[in-house]
Amino acid sequence: MARPALPSQALQALCSAGGSLEQGELSRRLPAPGPSLDSLLLTEPERFTLVTRPGPCSPGGPPQEQRVVVATSAVRLCQEHGAPGAGCGGQCGQLHICRYFLYGNCRYQRTRKECKFVHNFQSEHNLRVLKRHGLENLNDDELCQLLLQNDSSLLPEVCMHYNKGDGLYGSCTFKKICTKLHMCQYYLQGECRFGSSCKRSHDIFNLECYEKLERRGMSPNLIAKLPSIFRNMYDIKNGTSSPCKARRDSLSQVSPNTNSNEELDEICLYYIRKSCSFQDKCIRVHFNLPYRWQILEGALWKDLKDMEKIEKAYCDPSNIRFSYSGLQYISFQNMTYGSAKVRRLSTASSVTKPPHFILTTDWLWYWKDEYGVWREYGTEDDDHDASTVCSSDLEHAYLAKVSPTLQFKAGRHEYELNFKAMNQRNLRYKTQREVCRRPKFLSPQDVEKRRISGVEHSQEESIPAHWDKSALPELGYKLIKLLSSSDEYKKVQADFQRTMPKTVIREIQRIQNPTLWKVYQWQKEQMQKTSGGKDVCERLLFHGTSKKHIDAICQQNFDWRICGLHGTAYGKGSYFARDASYSDNYSKTDSNIKTMFLARVLAGDFTLGSSSYLRPPAKDSGNNFYDSCVNSLSNPSIFVIFEKHQIYPEYLIEYMDQAVATALSMAARAYFRN
1 MARPALPSQA LQALCSAGGS LEQGELSRRL PAPGPSLDSL LLTEPERFTL
51 VTRPGPCSPG GPPQEQRVVV ATSAVRLCQE HGAPGAGCGG QCGQLHICRY
101 FLYGNCRYQR TRKECKFVHN FQSEHNLRVL KRHGLENLND DELCQLLLQN
151 DSSLLPEVCM HYNKGDGLYG SCTFKKICTK LHMCQYYLQG ECRFGSSCKR
201 SHDIFNLECY EKLERRGMSP NLIAKLPSIF RNMYDIKNGT SSPCKARRDS
251 LSQVSPNTNS NEELDEICLY YIRKSCSFQD KCIRVHFNLP YRWQILEGAL
301 WKDLKDMEKI EKAYCDPSNI RFSYSGLQYI SFQNMTYGSA KVRRLSTASS
351 VTKPPHFILT TDWLWYWKDE YGVWREYGTE DDDHDASTVC SSDLEHAYLA
401 KVSPTLQFKA GRHEYELNFK AMNQRNLRYK TQREVCRRPK FLSPQDVEKR
451 RISGVEHSQE ESIPAHWDKS ALPELGYKLI KLLSSSDEYK KVQADFQRTM
501 PKTVIREIQR IQNPTLWKVY QWQKEQMQKT SGGKDVCERL LFHGTSKKHI
551 DAICQQNFDW RICGLHGTAY GKGSYFARDA SYSDNYSKTD SNIKTMFLAR
601 VLAGDFTLGS SSYLRPPAKD SGNNFYDSCV NSLSNPSIFV IFEKHQIYPE
651 YLIEYMDQAV ATALSMAARA YFRN
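Using UniProt numbering, the first residue of the sequence shown is number 1, and each one after it goes up by one.
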């Protein structure tokens with residue numbers, strides 16, 4: 001048998017050694033002569049991620065950094081394999097294998113009974129997938145290692161609320177009954193600087209964690225490996241120092257606007273308006289102002305006093321520091337107070353939200369002139385012409401992260417602004433000026449005025465003509481029961497029962513949420529502008545969910561991070577189906593009555609999805625991205641939406657199986673006869 005090529009040998013060495021190796025050690029384990037490991041890593045970005053990790057301490061000095069290679073792959077477990085309904089037809093390009101087999105603890109294997117899921121990597125389907133990814137030479141243990149550190153659907157979630165706040169359970173309100181892992185997220189990422197003095201758990205074998213992992217079907221052997229698996233996965237997703245990583249990102253062409261820790265540290269706009277339905281489950285920060293200043297004490301962020309004074313000083317670009325206690329300063333340049341770290345939390349930037357969203361953060365951009373005076377972009381005075389860009393233009397470009405520079409004009413002069421260096425350069429004379437980005441100041445009184453004016457704003461503009469005008473709430477939503485004789489009811493009924501004929505509809509309600517409707521219409525306009533004025537592909541699609549999420553969805557729209565995933569086969573987003581029969585599998589209930597949404601969805605330009613997508617991919621090598629992902633280009637029946645502004649939850653359908661309805665009716669008649 002021919003010897004495997006060097007990339008396969010390197011991948012095998014990594015997987016057999018726990019998924020990662022120090023670069024020098026990996027080089028020693030590979031046969032020579034051959035291409036250098038550096039060139040191999042650069043030419044095989046889809047197989048290797050190169051990261052920098054702290055190494056062992058040098059004598060009398062700090063830890064030395066070391067370059068580590070992490071085994072990487074796009075192969076995933078098929079989420080539809082064995083799912084209720086038709087399951088997967090075999091065209092998914094993903095592995096059909098029992099997840100408990102990967103965990104080393106399938107109960108059917110222990111009892112010698114036949115498991116309905118595959119336990120063989122060498123099956124015809126799986127071997128075809130492995131060959132496509134160049135993994136056919138790996139043994140079962142090596143494949144398990146590779147899958148576990150690359151496919152996030154196989155690992156338990158770490159509780160973000162446990163990692164915030166004080167107390168034994170942080171800010172997690174579920175405490176002992178929380179299904180997520182109560183462990184230090186930074187320890188699992190290999191970044192906890194507090195070590196044994198950390199207030200969060202570093203012990204994967206503590207009773208609470210161990211029992212959760214056991215219930216998931218994980219073997220003790222796998223549980224012991226989880227910290228290193230989590231670290232490898234974190235490095236694969238976030239290893240920014242890697243030349244491989246940079247190239248792989250450009251190859252996969254995923255939009256840069258992915259969900260990150262920035263979103264977790266964002267202040268919730270709904271909470272400021274006193275209308276967040278997600279409550280303790282909300283992933284954003286709940287605070288009464290659109291800004292929050294905090295200092296790091298030990299492992300916890302604590303609120304600073306005199307927050308309004310700090311904010312007012314920060315909003316003035318001429319201030320580089322603020323005298324906080326008379327003797328020490330808060331440095332706005334380094335974001336420190338003495339030796340302690342300081343941070344400013346904020347609501348979303350105003351350019352990322354529709355115009356009528358209140359209490360977003362208006363970021364203003366300034367440049368320092370030859371007299372040391374800060375001037376806002378887009379304004380003019382006696383000595384300076386107005387620039388062709390204003391603060392909102394620069395904020396858009398800055399957040400898009402498409403290019404590190406932006407060129408513009410002011411009068412007859414041409415300039416280039418560098419977002420990383422935060423300076424502007426005259427392209428002819430080469431003179432440079434400092435650039436600064438600061439928020440527009442809002443006092444607590446300003447916040448209250450905006451909150452009241454936002455609530456009092458008329459809702460009747462741009463709402464559908466058939467809506468009940470007496471049920472237009474200033475905040476939130478109203479449910480309007482449709483008459484079964486109306487055309488609107490019959491249209492929804494026909495679409496639903498096209499694939500669910502053996503059901504009885506109890507009622508259909510229209511969801512009237514003026515705020516969400518405005519956002520949806522604004523998003524539609526933006527998509528039309530982007531597509532050159534073409535009509536946007538709009539569909540009515542079904543979504544099944546648990547009853548406990550209904551109020552939050554009607555109030556704040558779909559959010560898969562809170563309302564749960566319906567699989568990740570075509571990307572991490574909210575899943576919608578053409579056929580109600582598919583969504584019925586996800587309509588969870590404790591009673592006989594089920595509930596399903598029929599949502600209006602801006603599918604736009606779509607492409608085939610992938611489990612690795614956090615956003616739709618680019619259409620070409622430029623900056624134009626698809627709007628959504630689907631399961632099939634020729635006959636799409638599943639749509640994945642990553643941006644919730646593209647969704648409006650329009651109808652709520654309550655239904656039950658026909659057989660159940662008949663049995664209940666007969667039981668009721670018998671009861672009254674007796």
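In this text, a Cβ means the ideal position worked out from N, Cα and C, and glycines have one as well.
(1) Taking buried to mean at least 16 other C-beta atoms within 10 Å of its own C-beta, is Asn557 buried or exposed?
(2) Please classify Gly372 as buried or exposed, where buried requires at least 16 neighbouring CB atoms within 10 angstroms.
(3) What three-state label does DSSP hand Pro54 in the structure shown?
(4) Skipping 5 residues on each side, what residues in its chain have a beta carbon closer than 6 Å to that of Val351?
(5) Taking the C-alpha atoms as reference points, what is the distance between Gly104 and Glu44?
(6) Just checking my contact of Lys440 with Cys315 at CB under 8 Å: how many whole Å lie between their CB atoms?
(7) Hey, out of Leu143, Cys268, Glu124, Cys178, whose CA is closest to Met160's CA?
(8) In three-state terms, what does DSSP make of Phe174?
(9) Out of Ala71, Arg216, Val75, state which residue places its alpha-carbon closest to the alpha-carbon of Cys106.
(10) Can you check DSSP and say which residues form a bridge with Pro439?
(11) Assuming Glu488 is part of the alpha helix (DSSP H), what are its boundary residues?
(12) In the DSSP assignment, find the alpha helix (DSSP H) that holds Gln145 and state where it starts and stops.
(13) Inspect the beta-carbon positions of Gln521 and Ser462 and report whether they are closer than 8 Å.
(14) Work out the CA separation of Val68 and Ile204 for me, nearest whole Å.
(15) Verify whether the separation of the beta carbon atoms of Pro220 and Val447 is less than 8 Å.
(16) What residue range is occupied by the uninterrupted beta strand (DSSP E) comprising Arg344?
(17) For the stretch 497 to 579, which segments carrying the alpha helix (DSSP H) assignment without a break, of at least 4 residues, lie completely within its bounds, in sequence order?
(18) Would you kindly check if the distance between the Cβ of Leu664 and the Cβ of Val601 is under 8 Å?
(19) Would you report the Cα separation of Thr72 and Glu525, rounded to the nearest angstrom?
(20) For Leu406 versus Leu417, is the C-beta spacing smaller than 8 Å?
(21) Please list the terminal residues of the continuous alpha helix (DSSP H) segment that includes Leu102.
(22) Assuming Thr360 and Leu269 form a contact by the criterion Cβ under 8 Å, report the distance between their Cβ atoms to the nearest whole angstrom.
(23) From this set, Arg412, His466, Leu6, Lys274, which residue's C-alpha is nearest Glu650's C-alpha?
(24) Sort out for me which residues DSSP pairs Lys212 with in a bridge.
(25) Across which residues does DSSP place Glu65 in a beta bridge pair?
(26) What residue does the alpha helix (DSSP H) around Met233 start on, and which one ends it?
(27) Thinking Asp627 and Ala603 are a contact (beta carbons under 8 Å), I'd like their distance in whole angstroms, please.
(28) Tell me Asp303's beta-bridge partners as DSSP assigns them.
(29) Along the chain, where does the beta strand (DSSP E) containing Gln407 start, and where does it finish?
(30) If you drop the 5 nearest sequence neighbours on each side, which residues of the same chain put their C-beta closer than 8 Å to that of Leu30?
(31) Can you give me the C-alpha to C-alpha distance between Pro379 and Ala410, rounded to a whole angstrom?
(32) Please report the straight-line C-alpha distance between residue 676 and Gln333, rounded to a whole angstrom.
(33) Exposed or buried, which one is Ile452 when buried takes at least 16 other CB atoms within 10 Å?
(34) Which value, in whole angstroms, describes the spacing of the CA atoms of Ser16 and Leu143?
(35) So, are the CB atoms of Gln79 and Ser153 less than 8 Å apart?
(36) Going by beta-carbon coordinates alone, are Leu642 and Phe576 separated by less than 8 Å?
This is what the structure holds:
(1) buried
(2) exposed
(3) strand
(4) Ser392, Glu395, His396
(5) 30 Å
(6) 7 Å
(7) Cys178
(8) coil
(9) Arg216
(10) Trp363
(11) 487 to 497
(12) 140 to 150
(13) yes
(14) 23 Å
(15) no
(16) 340 to 346
(17) 514 to 530, 550 to 556, 560 to 563
(18) no
(19) 40 Å
(20) yes
(21) 99 to 102
(22) 7 Å
(23) His466
(24) None; Lys212 has no bridge partner.
(25) Pro54
(26) 220 to 238
(27) 7 Å
(28) Gln294
(29) 405 to 410
(30) Leu6, Gln9, Ala10, Ala13, Leu37
(31) With the sequence shown as reference, residue 379 is identified as Thr, and Pro is not the correct amino acid for it. Computed Cα separation, rounded: 10 Å.
(32) Nothing about residue 676 can be read from this structure; the chain reaches only from 1 to 674.
(33) exposed
(34) 9 Å
(35) yes
(36) Correcting the residue identity first, residue 642 is Phe in this sequence and not Leu. Not a contact, by the Cβ cut-off of 8 Å.
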